[in-house]
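Residue numbers (our numbering): 50 to 512. Every residue gets a Cβ at the ideal spot worked out from N, C-alpha and C, and that includes glycine. Encoded as structure tokens, the structure appears first; notes follow it.
So, in structure tokens, the structure goes:
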């Protein structure tokens, strides 16, 4: 029974009034001039800054982790043979030999980077917007005379993209794409034909500059249909200042899907189906995480470490700061996947590479949990014996108030919608009442909310 190990939640306690004028329709031209609220959950102190002051607020010796996923131009407008248009939103690629319904359940899917580099054809799970779109319908769009500086090798040629609806279920469907010239990659095709998928709460039309605005400066891995917006405020100069201050940085990848905007539309939070997203973390990053944790904490058997744990909780000197909720969920997921390997010696790879939304809470209830470095070491051992250099998995981890954070104790994040999964995550990190104080302070000080809005740095470590 879920009630046995999941904290009770009254969703109305995570509601607040968000005036429409507080929602940022555009970013600031200077990313680093956005406002930054600094809140410490231990002292309950709140102060107000500019984001460019971030290096002054993070202590030397901290570890800052980025999500380097890159947003793709995932909105495609195609035409029906009989007239009328249909919008397809690329969600994630699908393996051609997958069972037809597996991806609806968060099953097997292809690496977005591989699918985007395919030539001639590929398959994707899409959200379908349009009337009378049935299985077997073939949509198309074309460019008469290609004139894109990024693809000079097809200059003057005729581009045709076709999309066949193979199977539809609700507003989703498997779509088979094929195109000519086939020497183009799918990434090159959608760069010419697609638009950046702005969040549904931004009501204006997509503009040319959104290609630059709706992207972090450190984005590398193509595959997201929504941005990890906490990273919008960083500039190359700020990152340079952080490194000069001896603040270590590491990268992970979580490809953000449209499920991040999915509202909680059930009274009982436990009935909400959390979206599943693909994470990817290198062996080097896991080694560096373990090394960092061990460098700031004493061995688990030492009396000093036991004293630290009593004073500060596990990880007394640790300052691991996640840039955004996606980074936080990835790092915490790694801990629980390490636990799965530790406590279940006969798990199949598919089970190891999947974390269900309530699985962490069940593991915590039924086991004596390891320290963070011990769990990560178990994951590293699994990678080593299986010759894995890049660990990939799917996580549906649902972080709600009452969750016990295992790796992260600092969070950079924007301001989120009322009664959303992201707001519940923030409340889990800050505590229910302090979350209200933070949001009231932001509203009263004219902070801009949501994706293109202002930021916060929230810490749970001793200052």
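Where residue 75 and residue 382 are concerned, what is the direct C-alpha to C-alpha distance, given to the nearest angstrom?
Approximately 32 Å between the Cα atoms of the pair.
For the beta strand (DSSP E) containing residue 228, list its first residue and its last residue.
Run containing residue 228: 221-229, per the beta strand (DSSP E) assignment.
Tell me the residue span of the alpha helix (DSSP H) that contains residue 290.
285-293 is the span of the alpha helix (DSSP H), which, as asked, contains residue 290.
For residue 439, is the classification buried or exposed, using 16 other Cβ atoms within 10 angstroms of its Cβ as the cut-off for buried?
Its Cβ having fewer than 16 others within 10 Å, residue 439 is exposed.
Residue 144 by DSSP, collapsed to three states: which one?
Three-state result, residue 144: coil.
What are the boundary residues of the beta strand (DSSP E) that residue 119 is part of?
First-last of the beta strand (DSSP E) with residue 119: 118-120.
In terms of DSSP beta bridges, what is residue 300 paired with?
Answer is 115, bridged to residue 300.
So who's on the other strand from residue 94, going by DSSP bridges?
Residue 94 pairs with 89.
Can you give the Cα-Cα distance for residue 455 and residue 329, rounded to whole angstroms?
Looking at the two C-alpha atoms, the distance is approximately 19 Å.
With H, G and I counted as helix, E and B as strand and the rest as coil, what does DSSP make of residue 266?
In the structure shown, residue 266 sits in coil (DSSP, three-state: anything other than H, G, I, E or B).
Cα-Cα, which of 249, 244 and 284 is closest to residue 260?
Nearest option by C-alpha distance: 244.
Which of the three DSSP states, helix, strand or coil, is assigned to residue 479?
Correct three-state label for residue 479: helix.
For my contact list, residue 114 and residue 380 are in at a C-beta cut-off of 8 Å; report their separation, rounded to the angstrom.
Their Cβ separation, rounded to whole angstroms, is 6 Å, which keeps residue 114 and residue 380 in contact under 8 Å.
Quick check on the burial criterion: 16 or more other C-beta atoms within 10 angstroms. Buried or exposed for residue 300?
Classification of residue 300: buried, given that the 10 Å Cβ count is 16 or more.
Would you say residue 174 touches the ligand ADP, meaning its beta carbon is less than 6 Å from a heavy atom?
Ligands are entirely absent from the displayed structure, and the ligand ADP is therefore not among its contents.
Which stretch, first to last residue, makes up the alpha helix (DSSP H) that contains residue 58?
Taken as a continuous stretch (DSSP letters only), residue 58 belongs to no alpha helix (DSSP H), as it is neither H nor E.
How about residue 472 and residue 375: do their beta carbons lie closer than 7 Å?
Against a cut-off of 7 Å, the Cβ pair of residue 375 and residue 472 comes out as no contact.
Express the C-alpha separation of residue 484 and residue 96 in angstroms, rounding to a whole number.
Whole-angstrom Cα-Cα distance: 14 Å.
Run through DSSP, which three-state label would residue 332 get?
If DSSP states are grouped into helix, strand and coil, residue 332 belongs with the helices.
Is it buried or exposed, residue 149, if we count other Cβ atoms within 10 angstroms and call 16 or more buried?
At residue 149 the pLDDT is 46, less than 50, meaning the model places this residue with poor confidence and gives no usable figure here.
How is the alpha helix (DSSP H) around residue 387 delimited, first residue to last?
Its alpha helix (DSSP H) spans residues 374-392.
On the DSSP bridge list, what partners appear for residue 429?
Answer is none; residue 429 lacks a bridge partner.
For the pair the region 123-130 and the region 171-188, tell me if three or more CB-CB distances fall below 8 Å.
Short answer: they touch.
From residue 60 to residue 319, what distance separates their C-alpha atoms?
Each residue's Cα considered, the two are about 11 Å apart.
Applying the criterion that 16 or more other CB atoms from any shown protein chain within 10 Å of the CB defines a buried residue, is residue 340 buried or exposed?
With fewer than 16 Cβ atoms within 10 Å of its Cβ, residue 340 is classed as exposed.
Can you have a look at residue 277 and say buried or exposed, based on whether 16 or more other CB atoms are within 10 angstroms of its CB?
Burial call: buried.
Quick one: grab the DSSP three-state call for residue 123.
Residue state, collapsed to three classes: coil.
Just the Cα atoms here: how many angstroms apart are residue 363 and residue 164?
Bear in mind that a pLDDT of 46 at residue 363, under 50, signals an unreliable position, so the number given afterwards is only what the model happens to contain. Cα to Cα, residue 363 sits roughly 41 Å from residue 164.
Shorter than 7 Å from the beta carbon of residue 298 to some beta carbon of chain D?
Here chain D cannot be found, since the structure has a single protein chain.
In the structure shown, what three-state DSSP assignment does residue 128 receive?
Correct three-state label for residue 128: strand.
Measuring alpha carbon to alpha carbon, tell me which of 338, 220 and 141 ends up nearest residue 135.
Closest by alpha carbon: 220.
Cβ of residue 119 within 7 Å of Cβ of residue 271?
In this structure, residue 271 lies closer than 7 Å to residue 119 by Cβ.
Could you tell me whether the region 305-312 touches the region 103-111, where touching means 3 or more Cβ pairs closer than 8 Å?
No, they do not touch.
Label residue 503 either buried or exposed according to how many other C-beta atoms from any shown protein chain fall within 10 Å of its C-beta, with 16 as the threshold for buried.
With 16 or more Cβ atoms within 10 Å of its Cβ, residue 503 is classed as buried.
Using the C-alpha atoms, what's the distance from residue 144 back to residue 230?
Rounded to the nearest angstrom, the two C-alpha atoms are 23 Å apart.
For residue 502, which beta-bridge partners are listed by DSSP?
Answer is none; residue 502 lacks a bridge partner.
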